[in-house]
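Chain order of the listed sequences is A, B, C and D. Going by the numbering used here, the first sequence opens with residue 1, and the numbers climb by one from there. Going by the numbering used here, the second sequence opens with residue 1, and the numbers climb by one from there. Going by the numbering used here, the third sequence opens with residue 1, and the numbers climb by one from there. Going by the numbering used here, the fourth sequence opens with residue 1, and the numbers climb by one from there.
Protein chains: 4
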Amino acid sequence: MTPHDIFNEMMAKDQFSQWLGIELISVGPGTCTLQMTVRHEMLNGFGIAHGGISFSLADSAFAFACNSHGRHAVSIHCTIEHVAAVKLGDVLLAEATEERLGNSVSNYAIKVVKPDGEPVAFFRGVAYRKKMEWGKTGVAEQK
Amino acid sequence: MTPHDIFNEMMAKDQFSQWLGIELISVGPGTCTLQMTVRHEMLNGFGIAHGGISFSLADSAFAFACNSHGRHAVSIHCTIEHVAAVKLGDVLLAEATEERLGNSVSNYAIKVVKPDGEPVAFFRGVAYRKKMEWGKTGVAEQK
Amino acid sequence: MTPHDIFNEMMAKDQFSQWLGIELISVGPGTCTLQMTVRHEMLNGFGIAHGGISFSLADSAFAFACNSHGRHAVSIHCTIEHVAAVKLGDVLLAEATEERLGNSVSNYAIKVVKPDGEPVAFFRGVAYRKKMEWGKTGVAEQK
Amino acid sequence: MTPHDIFNEMMAKDQFSQWLGIELISVGPGTCTLQMTVRHEMLNGFGIAHGGISFSLADSAFAFACNSHGRHAVSIHCTIEHVAAVKLGDVLLAEATEERLGNSVSNYAIKVVKPDGEPVAFFRGVAYRKKMEWGKTGVAEQK
């Protein structure tokens with residue numbers, strides 16, 4: 001399966017990414033760029049986008065990037081630094097880059113930016129790589 | 001305004017916390033406990049809850065806890081460690097504890113657990129405390 | 001080997017913990033408390049303890065705690081929030097608590113405090129648990 | 001004062017960076033690259049460099065970068081992902097990049113690499129920017 005095949009299989013089941021309105025810009029080995037637009041139901045008590053929205057967009061880009069090599073990979077650790085408020089109607093892009101691919105653990109930087117390049121959030125994700133492969137069936141393992 | 005008044009004012013506008021189905025268990029100075037139930041539209045490509053769901057629940061508890069003292073407070077940094085898969089129909093609790101209240105910065109630990117106490121995620125939040133107060137109007141500041 | 005035996009074997013080789021002047025207060029399954037005193041050569045450009053000092057103390061407590069179960073464990077991810085300045089001559093305590101012990105990954109909270117309980121730093125550590133055991137010899141694995 | 005002047009004033013007092021054997025490669029507005037060599041007294045219980053060593057090197061690069069604009073800046077939050085073991089005699093480089101400069105908060109990525117570019121650790125630092133300026137005297141503020 002190619003990174004694009006794996007993305008399609010994951011995205012078809014990924015109800016929350018669908019709810020977010022996530023669109024694929026590009027996906028490849030260890031990389032993924034996604035886009036979405038902030039809607040009314042994504043706002044928080046300050047009337048700006050809830051912190052969980054930019055996190056979730058980045059987390060989806062991270063998931064597609066770390067699963068792109070063919071083995072199931074799950075999140076161990078994520079960090080996010082919020083650096084700008086996001087408003088209703090804003091378009092957000094999340095760009096995931098793989099910084100290291102280990103045998104059991106891999107490391108990603110994801111930048112969330114507006115279309116003009118203004119940074120919104122800096123996200124990092126560390127993934128645990130299981131032995132189970134996409135397109136095969138097997139017994140689930142625990143991390 | 002009491003912590004409960006501030007929670008009510010924030011929650012009334014917080015569309016995303018409403019979408020998550022968040023219910024208040026308790027709120028006080030520097031603390032907040034919330035509850036929600038995982039729905040179909042919250043699942044990811046593995047058929048379990050998207051990492052953004054437990055993050056968002058914890059982030060809301062963090063927001064209500066760090067705003068409870070009366071000054072506007074916004075997130076600078078969050079980390080989350082996912083330690084257990086969350087399934088459709090699972091009830092999640094997020095318990096926010098204030099570990100330090102500084103003049104400009106405050107620090108919180110939020111545990112996301114199932115009702116039997118099984119940990120799902122460990123979240124930490126660092127907030128920047130603005131000068132603007134809840135119940136007053138003023139000019140927005142930048143962090 | 002008991003947690004105390006493993007601590008002794010690790011500490012005997014741990015040149016940097018020795019340089020820090022680390023003393024053991026207690027060690028058990030998944031827990032460890034250490035103490036040290038800030039010396040002149042640990043100060044930074046502001047004349048207070050370098051951020052790497054409280055980090056290193058906490059990191060040692062994390063290492064002893066996550067190796068205490070008998071399997072080699074190495075750090076995947078650490079976070080530290082600095083909340084108070086540390087001065088020459090200050091005594092620091094680091095208290096490591098295990099929050100989850102998984103098969104491959106385990107999670108720890110470490111608080112660095114002064115003897116009166118004032119918090120200095122909040123540290124979290126995520127460890128990868130190798131198959132190799134203390135007291136046995138074997139082939140090194142990669143994480 | 002230029003970034004280089006501020007570096008010199010900080011480094012002259014920074015006993016721990018001196019103990020680490022840190023050498024300046026370059027410093028500019030928001031950036032800093034440092035180098036050091038791992039010595040025997042920096043090893044841990046596994047006989048490799050203690051996690052606090054690469055952290056401290058990165059933390060010094062972060063400190064010089066975030067203070068380079070002329071205002072005193074202190075660490076609020078740091079994260080580090082260790083991705084490769086570091087051995088006795090290894091040369092380490094830490095390269096700090098400023099990703100955002102806010103009025104009160106600024107954000108940095110620091111990569112620790114070996115001279116051939118192999119990544120050793122990914123560090124992120126968030127700084128709180130005080131009003132006090134380098135080269136002036138004033139009353140200390142609290143974050």
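Where is the CB? At the ideal position from N, CA and C, for every residue including glycine. Since the model is a prediction, treat every value here as computed from it, not as a measurement.
Same chain only: Cβ atoms within 6 Å of residue i, ignoring 5 sequence neighbours per side
i, result
"D:K93", "Going by the sequence as given, residue 93 of chain D is Leu instead of Lys. Taken in chain order, the residues that qualify are Q35, V113."
"A:C66", "A73, S106, A127"
"C:T33", "I25, S26, E95"
"D:F7", "V27, F64"
Residue i: contacting residues in chain D (beta-carbon distance under 8 Å)
i, result
"C:D59", "H50, G51, G52, F55"
Element boundaries [alpha helix (DSSP H), containing residue i]
i, result
"C:E9", "3-13"
Range covered by the beta strand (DSSP E) that runs through residue i
i, result
"C:G28", "23-28"
"C:L57", "Where C:L57 is concerned, there is no enclosing beta strand (DSSP E), although the alpha helix (DSSP H) it sits in stretches over 51-67."
"D:K136", "Note, D:K136: premise wrong, no beta strand (DSSP E); not H, not E."
"B:E81", "71-82"
"C:K104", "The sequence given here has Ser at residue 104 of chain C, not Lys. Here C:S104 belongs to no beta strand (DSSP E), and DSSP marks it neither H nor E."
"D:M42", "Taken as a continuous stretch (DSSP letters only), D:M42 belongs to no beta strand (DSSP E), as it is neither H nor E."
Integer Cβ distance of residue i from residue j, believed to fall under 8 Å
i, j, result
"B:V120", "B:G89", "That pair is no contact at about 14 Å."
"C:G28", "C:C78", "Between C:C78 and C:G28 the Cβ distance is about 21 Å, and since that is not below 8 Å, they are no contact."
"D:G107", "C:A63", "Per the sequence shown, residue 107 of chain D should be read as Asn rather than Gly. Not really, about 28 Å apart at Cβ, beyond 8 Å."
"C:E99", "B:F122", "6 Å"
"A:S56", "B:S26", "Not confirmed; about 26 Å, so no contact."
"C:P115", "C:V91", "5 Å"
"C:I80", "C:A61", "At roughly 12 Å, the Cβ-Cβ gap does not stay under 8 Å, so C:I80 and C:A61 are not in contact."
"A:A85", "A:I53", "Actually they are not in contact, since the Cβ atoms of A:A85 and A:I53 sit about 12 Å apart, beyond 8 Å."
"A:E41", "B:W19", "5 Å"
Contacts of residue i in chain B (Cβ-Cβ under 9 Å)
i, result
"A:C78", "G51, F55, C78, T79, I80, E81, H82"
Own chain, CB closer than 7 Å to residue i, minus 5 neighbours either side, in chain order
i, result
"B:Y128", "A73, V74, I76, S104, V105, K143"
"A:M11", "S17"
"B:T97", "T31, Y108, A109"
"D:E9", "W134"
"A:D5", "none"
"B:P3", "V27, G28, P29, S68"
Contact set between residue i and chain A, taken where Cβ atoms lie within less than 7 Å
i, result
"B:S75", "G51, H82"
Proximal residues of chain B, C-beta to C-beta of residue i below 8 Å
i, result
"A:A65", "Those do not exist, as A:A65 stays about 13 Å from chain B at its closest Cβ, beyond 8 Å."
Near the ligand FMN: residue i beta-carbon under 8 Å from a heavy atom
i, result
"A:A94", "This structure does not include the ligand FMN; it has no bound ligands of any sort."
Beta-carbon contacts of residue i that lie in its chain and below 8 Å, excluding the five residues immediately before and after
i, result
"B:G21", "M36, T37, R39"
"B:G102", "R129"
"D:G51", "N44, I80, H82"
"C:M1", "E9, G70, W134, G135"
"D:K87", "V38, I48, A49"
Under 7 Å by beta carbon: chain B residues contacting residue i
i, result
"C:R100", "V83, P119"
- chain B contacts from the segment 8-22 of chain A (Cβ-Cβ distance under 9 Å): Of all residues in the segment 8-22 of chain A, those with a C-beta nearer than 9 Å to a C-beta of chain B are E9, M10, M11, A12, K13, D14, Q15, F16, S17, Q18, W19, L20, reading in chain order.
- For the segment 36-48 of chain A, which residues have a CB atom closer than 8 Å to at least one CB atom of chain B, in sequence order? Under the 8 Å Cβ criterion, the segment 36-48 of chain A contributes H40, E41, M42, L43, N44, G45, F46, G47.
- Proximal residues, the segment 113-127 of chain D versus chain A, C-beta separation under 8 Å: Taking 8 Å as the upper bound on Cβ-Cβ separation, chain A lies near residues P119, F122, R124, V126 of the segment 113-127 of chain D.
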